[in-house]
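Chemist:
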Amino acid sequence: MGRLGPYWDFLAVLLIALASMPAAWLSPRTVVVVRNPGLIDDNWHLDAVFKASRGIWVGRDVAFTHGPLFQWLSSVPGRSMGVSMGGIYPTWDTVPLWCAVLFGFLTLRLLLPEQRPWKRFLLLLLLCIFWGPSLRTTFAVLAFAVFLRGWYAVAEGRVKAYAFGCVAALLCATAFLVAADQGMYVLAALLIAFAAVAIDNRRAIHGVSRFLLALVSIVVCSAVLVVVINSIFAKPFDFRFWRDSFAQVSVYRWATAFHMTTAGAVHLFGTLIAGAVIFLLRATTRQSGKSAIVQRTGFLLGGFVFGLVMMQSGLVRADTGHIVSACFAMVFLAGAILFSFDSPNVSMAAVTVALLCSVFFGEAAFQPSSLTHLYAELRNPLTDCPAGFTEFDRACYAPAFTGMLQSAADYLQQHSGANDSIVVFPYQTMFGIASRRNVAGGLMQPYTASGVELSQLEIAGLERAPAPTGLYLPDPDLSHWSNSEIASWRNLDLSLPVDGVANFTRTPEVWFWLLHHYRSEQQLSPGVFGLRRDDSRASRISMQSQPLGLAAQTYPITERSSTVDLGTPNWPSNADFLRLRLTVRYGALWKLRKPERMQIEITRADGSQTLQWFVLPPNVSTEVWFYPWSSPDLVHYFDADESHWRLSPRSTITRLRLVATPLDWVSQTPDAITLESADAVRLTMLPQ
0 MGRLGPYWDF LAVLLIALAS MPAAWLSPRT VVVVRNPGLI DDNWHLDAVF KASRGIWVGR
60 DVAFTHGPLF QWLSSVPGRS MGVSMGGIYP TWDTVPLWCA VLFGFLTLRL LLPEQRPWKR
120 FLLLLLLCIF WGPSLRTTFA VLAFAVFLRG WYAVAEGRVK AYAFGCVAAL LCATAFLVAA
180 DQGMYVLAAL LIAFAAVAID NRRAIHGVSR FLLALVSIVV CSAVLVVVIN SIFAKPFDFR
240 FWRDSFAQVS VYRWATAFHM TTAGAVHLFG TLIAGAVIFL LRATTRQSGK SAIVQRTGFL
300 LGGFVFGLVM MQSGLVRADT GHIVSACFAM VFLAGAILFS FDSPNVSMAA VTVALLCSVF
360 FGEAAFQPSS LTHLYAELRN PLTDCPAGFT EFDRACYAPA FTGMLQSAAD YLQQHSGAND
420 SIVVFPYQTM FGIASRRNVA GGLMQPYTAS GVELSQLEIA GLERAPAPTG LYLPDPDLSH
480 WSNSEIASWR NLDLSLPVDG VANFTRTPEV WFWLLHHYRS EQQLSPGVFG LRRDDSRASR
540 ISMQSQPLGL AAQTYPITER SSTVDLGTPN WPSNADFLRL RLTVRYGALW KLRKPERMQI
600 EITRADGSQT LQWFVLPPNV STEVWFYPWS SPDLVHYFDA DESHWRLSPR STITRLRLVA
660 TPLDWVSQTP DAITLESADA VRLTMLPQ
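Letter by letter, the sequence shown follows residues 0 to 687 of numbering that gives the first Met the number 0.
1) List, from N- to C-terminal side, the beta strand (DSSP E) runs of 3 residues or more that fit wholly inside the region 574 to 658.
2) When you compare each of Val345, Trp570, Asn502 and Leu514 to Trp644 by their alpha carbons, which one comes out closest?
3) Tell me which same chain residues have a C-beta within less than 6 Å of the C-beta of Leu134, skipping the five on either side of it?
4) With a floor of 4 residues, list each alpha helix (DSSP H) that falls wholly inside the region 258 to 321, ordered by position along the chain.
5) Does the distance from the C-beta atom of Ala179 to that of Thr64 stay below 7 Å?
6) If you run the structure through DSSP and keep just helix, strand and coil, what is Tyr88?
7) Which first and last residues belong to the beta strand (DSSP E) in which Glu523 is found?
8) Would you say the region 647 to 661 touches the region 560 to 576, given that touching needs at least three Cβ pairs under 8 Å?
9) Work out the CA separation of Thr283 and Asp57 for me, nearest whole Å.
10) Classify Glu457: buried if its beta carbon has 16 or more other beta carbons within 10 angstroms, exposed otherwise.
11) For Phe9, which option in Glu362, Ser79, Phe102 and Asp40 has the closest C-alpha, if you only look at C-alpha atoms?
12) How long is the line joining the alpha carbons of Gln247 and Ala256, rounded to whole angstroms?
13) Could you check whether Gly149 and Ser216 sit closer than 7 Å to each other, using their CB atoms as the reference points?
14) So does the region 459 to 467 actually touch the region 431 to 439, counting three or more Cβ pairs closer than 8 Å?
15) For the beta strand (DSSP E) holding Asp564, just list the boundary residues, first then last.
16) Please report the straight-line C-alpha distance between Leu300 and Leu224, rounded to a whole angstrom.
17) Between which two residues does the beta strand (DSSP E) holding Val250 run?
18) From this set, Asp41, Trp624, Asp605 and Asp409, which residue's C-alpha is nearest Trp612's C-alpha?
19) Would you kindly report the start and end of the unbroken beta strand (DSSP E) that includes Met542?
20) With a threshold of 6 Å on Cβ separation, who are the neighbours of Asn229 within its own chain once the five nearest residues in sequence on each side are excluded?
21) Taking 8 Å as the limit between beta carbons, can you name the residues of its chain near Phe365, skipping five residues before and five after?
22) Put Ser26 into one of helix, strand or coil per three-state DSSP.
23) Is it the case that the Cβ atoms of Leu682 and Asp575 are separated by a distance below 7 Å?
24) Using the DSSP secondary-structure output, state which residues sit across from His65 in a beta bridge.
25) For Tyr554, which three-state DSSP category applies?
26) Mind reading off the beta-carbon distance from Gly603 to Ser650? Whole number of angstroms is fine, and I expect it under 8 Å.
27) If contact is defined by three or more beta carbon pairs under 8 Å, each pair taking one atom from either stretch, is the region 168 to 179 in contact with the region 317 to 336?
28) Phe359: buried (16+ other C-beta within 10 angstroms of its C-beta) or exposed?
29) State the start and end residues of the unbroken alpha helix (DSSP H) segment that holds Ile128.
30) Do Ser26 and Pro525 have their C-beta atoms closer together than 7 Å?
31) So what does DSSP say about Gln379, is it helix, strand or coil?
32) Using DSSP with H/G/I as helix, E/B as strand and the rest coil, what is Val497?
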């Protein structure tokens, strides 16, 4: 017991693991009530575990922002008790969360080894209960702590440079297996820790050779690990995994930007200001001669810069969840500082500040009721759905949702074999596990195919596994819908524009590929249409384009909110689509901020107007496609008879204007917008 005494803070890990234990894992007979099945991320949560159960892995068979290691960890409970939708909902994040708590414990052991166990125990509980740890954020913080301690050990000759180089390379490679963006953050942590320690040891000339040897070791070991990972996923010199990972990271800033609310800005910058004050306080109160890691210049300088780098992701995807995740590193490191004071009076004051900040500014993820609720569920497991819900694959849904799932699953099973794949457009991959069929495609989520490279990756996956059947879910026309109607549609997990961008406009290449290879057969339920494979359409469908007579020119942008009048197009009466080739030019600052919101205003002869959002990569010439009519009509193009494609009346387009407005104060104003071409496109199909 005397030997275990210094490590009793590990009890916090066990308590959090117990509080987060899902009853469904311990009692596989239970069903799970899903009150809001319309969350878009639920699709990949379910699909990732189902794919793992079938031996389909991220990095080898499909690409995704989360890596194969995360997929494996998230699938452990679901696969251990038999894959089902009801089993995955409450358990997919269980093992990753436990790893996150363990990584937090290890990080505190590295940063606060000299402090009493009760301090680490309390701090870990506060971080896990109030500040929302995740595998992706805690792994990056752990890596920073390892790198910081490692660089100091190399500089002081306590660790062999080549040994540290191997460990650092292994951590970086593992980070990419967790998630592509975490790989980038861990690389940043390595460089930041190196720079900070080098500054702290700038007068120690003998440390230069050790640093150089460590850097060479990191490069050599990284090269070896890259070849090893390549061999696991493909061939030794096939860099597909790394190419796909970098492609997904590169589109994040322009393809998934989200506006920041006032509350989000207060949270983000409140954390930044509080972190800066705490780091400055520790810098001014540290005692000379102390070797504690949190008092060293390398930690104070490198830790603040690393926390700041992690926070920048919250500027881009600025919803509440992503801001909380972005702030975690700064909160963690600032918390370590508050618990690092040796003086009893100062220490108690700092701990009190941490407690108060956690209670008033954090959001409780675990409460005492979590344990009582878990105990109640284990004593009286829910084996039948409550009133108002019906069961589907151990999950209790609203009857309308269950009916939609059942009709789609029946159709897919009827027209495909057990080993066949299916296609789904745009993003409802939960139909894969519902029908026990793999969803084809090169990406885990088709809606992420923003840009030419990712679109080609998705299409290559569709071509590798020719699916005999599939589903198409068209976007609705929201122009006259109430908020309650939109909420009802969303709760059925039916298609909605992603971040305001129509799914056709976001991934037109994928849509056109499906159009050339599938025809619609029947409507299975409101908003869900069945597709059947018909490769003859590829040779029968043709595309004719006609220039609209708009001047190709560059329009300088001088204001935050700007409107560019493209003029009056020569719109043909029989056109189906609008295609623009645009280049939006930004200065270098957009890479630290995010692009503006781009829209096109379409005016018609009958006086009606629509405003359609779109995304495109900055400083790259890009084709942007629009369907200028009612979005639900897009499904008619999958009909086997061309005469059914254009059933709704269409008024001639008389004016086009581009509108560039900031999503929020973070948005970078473009320097100019260049219109290179504008065409009307008509589709025709030869009879069979």
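Glycine included, each C-beta is placed from N, C-alpha and C at the ideal position.
Remember, predicted model here, so these are calculated numbers, not experimental data.
Modeler: Quick answer:
1) 576 to 584, 596 to 603, 608 to 613 and 621 to 625
2) If we check each option's Cα against that of Trp644, Leu514 comes out closest.
3) Cβ-Cβ distances below 6 Å link Leu134 to Pro95, Cys98 and Ala99 in the same chain, with the five nearest sequence neighbours on each side left out; the list follows chain order.
4) Within the region 258 to 321, the complete alpha helix (DSSP H) runs of at least 4 residues are 261 to 284, 296 to 310 and 312 to 315.
5) Their beta carbons are under 7 Å apart, which means Ala179 touches Thr64 by this criterion.
6) The answer is coil: DSSP assigns Tyr88 none of H, G, I, E or B.
7) The sequence given here places Leu at residue 523; Glu does not occur at that position. Residues Tyr517 to Ser524.
8) Segments in contact, yes.
9) Checking the sequence, you will find Val at residue 57 rather than Asp. Approximately 47 Å, taken between the alpha carbons.
10) buried
11) Phe102
12) 14 Å
13) Going by C-beta atoms, Ser216 is not nearer than 7 Å to Gly149.
14) yes
15) Note, Asp564: beta strand (DSSP E), Ser561 to Gly566.
16) 30 Å
17) First-last for Val250: Arg239 to Ala254, but that is the alpha helix (DSSP H), not the beta strand (DSSP E).
18) Here the closest residue by C-alpha is Trp624.
19) Ile540 to Pro546
20) Here the set comprises Pro235 and Asp237.
21) Ile15, Ala18, Ser19, Cys127 and Ile128
22) coil
23) At a Cβ-Cβ threshold of 7 Å, Leu682 and Asp575 count as neighbours.
24) Ala178
25) strand
26) In the sequence under discussion, the amino acid at residue 603 is Arg, which differs from the Gly named in the question. Right, their Cβ atoms sit about 4 Å apart.
27) no
28) exposed
29) Pro116 to Phe129
30) no
31) Residue 379 is actually Asn in this sequence, not Gln. Asn379 falls in the coil class under three-state DSSP.
32) strand
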